[in-house]
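2 protein chains.
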Amino acid sequence: MNWEGFPERVHIQEVVTRDGLQIEPRFLPTQEKIALIDALSLTGVSKIEVTSFVSPRAVPNLADAREVAGAIKRRPGVTYVALVPNLRGAQEALAANMDELNLVMSVSETHNLANMRMTPAQSLEAFRTIVDAARGTPAALNGSIATAFGCPFEGIQPEDKVLRLAEAYLALGLDSVTLADTTGMGNPRQVASLVGAFRRRFGSVPLTLHFHNTRGMGLANVLAALDAGADRFDASLGGLGGCPFAPGATGNISTEDLVHMLDEMGVATGVDLGRLIELARGLPALLGHDIPGQVAKAGRSGDLHPAPADIRLAAK
Amino acid sequence: MNWEGFPERVHIQEVVTRDGLQIEPRFLPTQEKIALIDALSLTGVSKIEVTSFVSPRAVPNLADAREVAGAIKRRPGVTYVALVPNLRGAQEALAANMDELNLVMSVSETHNLANMRMTPAQSLEAFRTIVDAARGTPAALNGSIATAFGCPFEGIQPEDKVLRLAEAYLALGLDSVTLADTTGMGNPRQVASLVGAFRRRFGSVPLTLHFHNTRGMGLANVLAALDAGADRFDASLGGLGGCPFAPGATGNISTEDLVHMLDEMGVATGVDLGRLIELARGLPALLGHDIPGQVAKAGRSGDLHPAPADIRLAAK
Chain A
1 MNWEGFPERV HIQEVVTRDG LQIEPRFLPT QEKIALIDAL SLTGVSKIEV TSFVSPRAVP
61 NLADAREVAG AIKRRPGVTY VALVPNLRGA QEALAANMDE LNLVMSVSET HNLANMRMTP
121 AQSLEAFRTI VDAARGTPAA LNGSIATAFG CPFEGIQPED KVLRLAEAYL ALGLDSVTLA
181 DTTGMGNPRQ VASLVGAFRR RFGSVPLTLH FHNTRGMGLA NVLAALDAGA DRFDASLGGL
241 GGCPFAPGAT GNISTEDLVH MLDEMGVATG VDLGRLIELA RGLPALLGHD IPGQVAKAGR
301 SGDLHPAPAD IRLAAK
Chain B
1 MNWEGFPERV HIQEVVTRDG LQIEPRFLPT QEKIALIDAL SLTGVSKIEV TSFVSPRAVP
61 NLADAREVAG AIKRRPGVTY VALVPNLRGA QEALAANMDE LNLVMSVSET HNLANMRMTP
121 AQSLEAFRTI VDAARGTPAA LNGSIATAFG CPFEGIQPED KVLRLAEAYL ALGLDSVTLA
181 DTTGMGNPRQ VASLVGAFRR RFGSVPLTLH FHNTRGMGLA NVLAALDAGA DRFDASLGGL
241 GGCPFAPGAT GNISTEDLVH MLDEMGVATG VDLGRLIELA RGLPALLGHD IPGQVAKAGR
301 SGDLHPAPAD IRLAAK
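Chains as they are written, first to last, in the UniProt record's numbering: chain A, 1 to 316; chain B, 1 to 316.
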């Protein structure tokens, strides 16, 4: 491990109100979403994926995308992102003046058909129309590659197939790329290999890693990615999230667990972990259930406890 | 990360019936413990920490230590271990013909007083009497250093203090050392540093890493330890466990999640992951509650799912 070569600053990108909420059993009221995003804006995260401009039939929990995007307080220095599944969603996101549009398709044909209801060629064609629509606007365009570390239907995807899709994204004019482990299938060695290959092929093109903790490897994958030169990570407050089309999947990596690990290793994020933990601790009351994130329960490593009283006596 | 330098074979040491069960709210019947240990003996794990010969008042769940140790089927190639807190426990473990005695104290004075009710000097003196008692028997002696990566009362312990305690263990005649992250406070960078320092100071003295996943860093710590040359890990089926004196702590790292990650990275363990997962999936019925381990719920990365039927039609 090349600890000295770790990035000086890691960007934390919060996705809880999009990826985290989309599969929640209960609809989180619009005002609560807005309040949560406004609070997250004050934590020091680099990006917030606010919502998705998706059909309310497909994702009822995000049916209020327009209201949410229109009402949040935009804090300078934070990039506000919307996931867009198609041209119509992109038009809405542009109308809502989002800083960035996150376009997504799966490298796995089967997952793309299941998740996007499009063939990969249809998805790329939709991307092209979105690039055209965004031309001349200030919006940045990020392209996400879902199932980049494995598809629950097809299995591991060849590295070169993933890289060729990233190449197609960049050829279309997208600004940056996210490699997403949509259903938490990636392992650290695979992550290091793909991140290294991406860096060799695409140099300094901004790269985000989007990990899920489905099989407990989330933070180990972060460590491997850091070692391979990654410096941007998506994460979800409390570890909420998952993919509605990924059987058995649990949550995204938890933002507060991620920032805690980076803090403990001395890797700067600019994020106020105390505020994050406070917000994560408020989630069970908002959602009506426990959260997978662990630091919100256990506290930071540095949160010491008083020694038992009888011990203090015995030690005298 | 030096992937090529990873150990060719990693030893998996199962602690569920000791560390996993000691804080369970319900007593697991003796016959169930024996059946679980006998099943674990067939999975390919290198060691099984069978029980602890501890006062039944201190750990009621392990009050049947003698019956369990006497009734399990000893499988050649598996080392059967008992944790012993003092000379009396050691005498019982020797009488039970255990392959290995695991002696434990904390590097943190406060935690040792809270957990063992002894000062460090008293603990080391007890170790000496155990070494004397074991002399001439075939039992191996392992020394565990609890709170090696941080104490919930005192905080991070200086690396040199940990190494000096390991040195004292070896000077007393112990055969091997475990560095235990008793309450899950360690981070990957710290783990790499301490494992590296241990290796430099003590060469090939067998070293076990005992991690808890209290703050989500368990498998990331394993990765860092592997990279620093560790090849023996304690883990607990289902991720059961914790420390009764560590406020807020959740579980040990999950054996099946650990073996799954190693399998996925191509690191050999000799363990049959399928059997482990089956056993982990049986735990909720045995214990009456859900388990923290994730692979038992999500399945392996390679367990693929059939594509939705309507998608298979659309793809034609």
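All residues carry an ideal CB built from backbone N, CA and C; glycine is no exception.
Is it buried or exposed for residue i, if we count other Cβ within 10 angstroms and need 16 for buried?
| i | result |
| --- | --- |
| ARG215 of chain A | buried |
| GLY302 of chain A | exposed |
| SER123 of chain A | buried |
| GLN294 of chain A | buried |
| LYS33 of chain A | buried |
| GLY150 of chain B | buried |
| HIS111 of chain B | buried |
| ARG257 of chain B | Per the sequence shown, residue 257 of chain B should be read as Asp rather than Arg. When all chains shown are included, ASP257 of chain B counts as buried. |
For residue i, I'd like the list of residues in its chain whose CB is within less than 8 Å of its CB, leaving aside the five on either flank, ordered along the chain.
| i | result |
| --- | --- |
| ARG88 of chain B | PHE53 |
| TYR80 of chain A | LYS47, ILE48, VAL50, ALA69, ILE72, ARG74, MET98, ASP99, GLU100 |
| ARG199 of chain A | LEU207, ALA228, GLY229 |
| THR269 of chain B | ARG9, VAL10, HIS11, ILE12, GLY44, VAL259, LEU262, ASP263 |
Could you check where the alpha helix (DSSP H) with residue i kicks off and where it finishes?
| i | result |
| --- | --- |
| GLU14 of chain B | That residue, GLU14 of chain B, is in no alpha helix (DSSP H); its beta strand (DSSP E) goes 11 to 14. |
| GLU32 of chain B | 30 to 41 |
| ILE277 of chain B | 273 to 287 |
| SER52 of chain A | SER52 of chain A -> not in any alpha helix (DSSP H); beta strand (DSSP E) instead, spanning 47 to 52. |
| THR129 of chain A | 120 to 134 |
| PHE198 of chain B | 188 to 202 |
| LEU219 of chain A | 218 to 227 |
| GLN294 of chain B | Run containing GLN294 of chain B: none; DSSP gives neither H nor E here. |
| ASP303 of chain B | It is not in any alpha helix (DSSP H) - ASP303 of chain B carries neither H nor E in the DSSP assignment. |
| ARG88 of chain A | 87 to 95 |
Step through the CB atoms of chain B and report whether any lies within less than 7 Å of the CB of residue i.
| i | result |
| --- | --- |
| residue 343 of chain A | With chain A covering 1 to 316 only, the question about residue 343 of chain A has no answer from this structure. |
| PHE211 of chain A | no |
| LEU219 of chain A | yes |
| THR214 of chain A | yes |
| HIS11 of chain A | no |
| PHE153 of chain A | yes |
| MET1 of chain A | yes |
| MET118 of chain A | no |
| PRO308 of chain A | yes |
| ALA298 of chain A | yes |
Quick check on residue i - is its C-beta less than 7 Å from some C-beta in chain A?
| i | result |
| --- | --- |
| SER301 of chain B | yes |
| LEU113 of chain B | yes |
| GLU264 of chain B | yes |
| PRO284 of chain B | no |
| LEU223 of chain B | yes |
| THR147 of chain B | no |
| ILE311 of chain B | yes |
| ARG189 of chain B | yes |
| THR110 of chain B | yes |
| LEU179 of chain B | no |
| PRO229 of chain B | Checking the displayed sequence, the identity of residue 229 of chain B turns out to be Gly instead of Pro. GLY229 of chain B does not count as touching chain A. |
| ALA58 of chain B | no |
| ALA197 of chain B | no |
| LEU273 of chain B | no |
Provide the residue span of the beta strand (DSSP E) that contains residue i, from first to last.
| i | result |
| --- | --- |
| ALA180 of chain A | 176 to 180 |
| GLY143 of chain A | 140 to 146 |
| SER106 of chain A | 100 to 106 |
| ARG232 of chain B | 232 to 235 |
| VAL84 of chain B | 79 to 84 |
| THR208 of chain B | 207 to 210 |
Can you name, in chain order, every residue of its own chain whose Cβ lies under 7 Å from the Cβ of residue i, other than the five neighbours on each side?
| i | result |
| --- | --- |
| GLY251 of chain B | HIS212, ASN213, SER236, GLY239, LEU240, GLY241, GLY242, PRO292 |
| ARG275 of chain B | LEU42, THR43 |
| THR137 of chain A | LEU94 |
| ALA180 of chain A | SER144, ILE145, ALA146, ALA148, HIS210 |
| ALA249 of chain B | With a pLDDT of only 49 at ALA249 of chain B, under the threshold of 50, the placement of this residue in the model should not be trusted, and no figure is reported. |
Residues in the same chain with beta-carbon distance under 6 Å from residue i, minus the five sequence neighbours each way, listed in chain order, please.
| i | result |
| --- | --- |
| SER176 of chain A | ASN142, PRO206 |
| VAL131 of chain A | LEU172, GLY173 |
| VAL16 of chain A | SER236, LEU237, LEU240 |
| PRO29 of chain A | none |
Would the beta-carbon of residue i be found less than 6 Å away from any heavy atom of the ligand FAD?
| i | result |
| --- | --- |
| SER108 of chain B | Absent from the structure shown: the ligand FAD. Ligands present: none. |
When you compare the CB of residue i with every CB in chain D, is at least one pair closer than 7 Å?
| i | result |
| --- | --- |
| GLY238 of chain B | Included in the structure are the protein chains A and B, with no chain D among them. |
Would you say the segment 19 to 28 of chain A touches the segment 260 to 274 of chain A, given that touching needs at least three Cβ pairs under 8 Å? The answer is no - the segment 260 to 274 of chain A does not touch the segment 19 to 28 of chain A, with fewer than three Cβ pairs under 8 Å.
Are the segment 71 to 79 of chain A and the segment 42 to 49 of chain A in contact at 8 Å, needing three or more beta carbon pairs? yes
Between the segment 132 to 144 of chain A and the segment 99 to 114 of chain A, do at least 3 Cβ pairs fall closer than 8 Å? yes
With three or more C-beta pairs closer than 8 Å as the rule, is the segment 232 to 239 of chain A touching the segment 185 to 202 of chain A? no
Flag this pair as touching only if the segment 210 to 229 of chain B and the segment 181 to 193 of chain B have three or more C-beta atom pairs under 8 Å; answer yes or no. yes
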